[in-house]
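One structure is given below, encoded as structure tokens.
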Amino acid sequence: MNDPKGSTFARQSNVKVAGTGERTILCAHGFCSNQGVFRHQIRAFGPTHRVVSYDLAGFGQSAPALWDARRYASLQGYAEDMVQLIDELELSHITLMAASMSAMVGLLASLARPERFEALILISASPRYLNDDPYYGGFQQPDVDSFYQLVDSQQAWADALVGMMLNRPVSLPLQEIAESVQGVTPQVAGVVARAIFQSDFRALLPQVTHPVLVTQTRADSVVPESVGHHLHRHLPQATLEFLPGVGHMPNFTEPEHFNRVAGGFLRGIQAAS
1 MNDPKGSTFA RQSNVKVAGT GERTILCAHG FCSNQGVFRH QIRAFGPTHR VVSYDLAGFG
61 QSAPALWDAR RYASLQGYAE DMVQLIDELE LSHITLMAAS MSAMVGLLAS LARPERFEAL
121 ILISASPRYL NDDPYYGGFQ QPDVDSFYQL VDSQQAWADA LVGMMLNRPV SLPLQEIAES
181 VQGVTPQVAG VVARAIFQSD FRALLPQVTH PVLVTQTRAD SVVPESVGHH LHRHLPQATL
241 EFLPGVGHMP NFTEPEHFNR VAGGFLRGIQ AAS
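So the sequence shown is numbered by full-length UniProt numbering: it starts at 1 and just counts up by one.
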């Protein structure tokens with residue numbers, strides 16, 4: 001793997017590398033989040049894998065110069081970033097660990113560079129958030145239009161989003177999630193929210209050739225159980241695991257359970273190779 005300090009894009013994306021294993025886990029966070037949500041996975045899997053994490057453009061400690069409203073009006077822009085990062089760092093034997101919006105970003109990247117990937121671990125993923133009878137994604141268009149209006153008017157959109165992501169009161173251990181959301185500018189939030197909620201990647205699911213672990217809680221205000229079942233049915237090599245607890249971020253809020261399931265999947269991938 002190339003040194004991230006030698007890559008301009010890697011530096012701008014605040015890339016961090018832990019561990020020295022032969023296989024790579026690439027961590028990609030979700031909407032209004034940052035790579036810190038993977039700290040429990042970095043600690044758990046660093047002894048056996050090289051774990052690479054980064055901040056998506058517009059979020060965390062990524063360089064402000066990376067942000068481009070036109071580029072990130074589609075999740076394809078973030079997928080191109082992931083591919084660029086993989087190419088610049090010469091990553092291979094990748095298991096992607098992708099949360100929320102980055103699940104479909106990673107799916108696109110895996111289709112663009114299938115030879116670099118071994119497997120995908122999707123956390124609270126959705127290929128389509130809007131209902132499209134008989135498909136149930138959890139949202140009607142007026143629901144998301146109301147959220148866009150909150151963001152555009154710079155009203156209490158951050159509090160609304162935190163409540164939806166956690167599906168519980170914000171206690172002290174979860175305060176950093178609220179702070180991460182509050183640190184995102186309304187411009188970034190508005191552009192990326194539209195890219196997420198107006199997207200539809202269902203047609204791409206059968207094209208994924210890698211083993212996929214689909215994980216989510218049963219009490220996720222963003223992704224209903226039906227979406228997990230849809231992914232399980234339409235991804236050719238998918239395993240579905242519903243995790244205990246609530247909310248949209250089980251790798252952070254329920255790390256022991258998540259790591260146990262992810263660890264078993266990783267061992268299975270290694271044994272099969």
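No residue lacks a Cβ here, since even glycine has one placed at the ideal position from N, Cα and C.
All of these numbers come straight from a predicted model, not from anything done at the bench.
Classify residue i as helix, strand or coil using the three-state DSSP reduction.
i, result
"F139", "strand"
"A272", "helix"
"R218", "coil"
"R70", "coil"
"A109", "helix"
"S102", "helix"
"V261", "helix"
"S180", "helix"
"A63", "coil"
"M185", "Reading the sequence as shown, one finds Thr at residue 185 and not Met. Coil."
"S126", "coil"
"S153", "coil"
Opposite residue i in the DSSP bridges: which residues?
i, result
"M97", "C27 and I121"
"D200", "BP columns for D200 are empty, so no partner."
"R194", "BP columns for R194 are empty, so no partner."
"D132", "Y135"
"R50", "T24"
"L213", "I121 and T239"
Taking residue i as part of the alpha helix (DSSP H), name the residues at either end of that continuous run.
i, result
"E88", "L75 to L89"
"S226", "E225 to H234"
"N251", "P250 to T253"
"Q207", "Q207 -> no alpha helix (DSSP H), and no H or E assigned at all."
"R116", "R116 -> no alpha helix (DSSP H), and no H or E assigned at all."
"F45", "R39 to F45"
"Q12", "T8 to Q12"
Terminal residues of the continuous beta strand (DSSP E) containing residue i?
i, result
"L174", "Where L174 is concerned, there is no enclosing beta strand (DSSP E), given that its DSSP letter is neither H nor E."
"F242", "A238 to L243"
"V162", "Not the beta strand (DSSP E): V162 falls in the alpha helix (DSSP H), residues W157 to L166."
"A57", "No beta strand (DSSP E) contains A57, which DSSP labels as neither H nor E."
"A18", "K16 to A18"
Do residue i and residue j have their CB atoms nearer than 8 Å?
i, j, result
"T95", "L235", "no"
"G190", "V151", "yes"
"L243", "Q216", "yes"
"L108", "Q84", "no"
"V37", "L120", "no"
"A99", "H40", "no"
"V105", "Y54", "no"
"N167", "V223", "no"
"R50", "M1", "yes"
"M249", "M165", "yes"
"A63", "Q12", "yes"
In angstroms with no decimal places, state the Cα-to-Cα distance between residue i and residue j.
i, j, result
"Y129", "R113", "26 Å"
"A57", "Q237", "30 Å"
"I123", "N259", "12 Å"
"L111", "H210", "10 Å"
"Q182", "A158", "6 Å"
"residue 276", "P255", "Nothing can be reported for residue 276, as the shown portion of the chain is limited to 1 through 273."
"L89", "A10", "8 Å"
"N34", "G264", "25 Å"
"Q198", "A79", "16 Å"
"D81", "P134", "34 Å"
"D143", "A271", "45 Å"
"S153", "R116", "42 Å"
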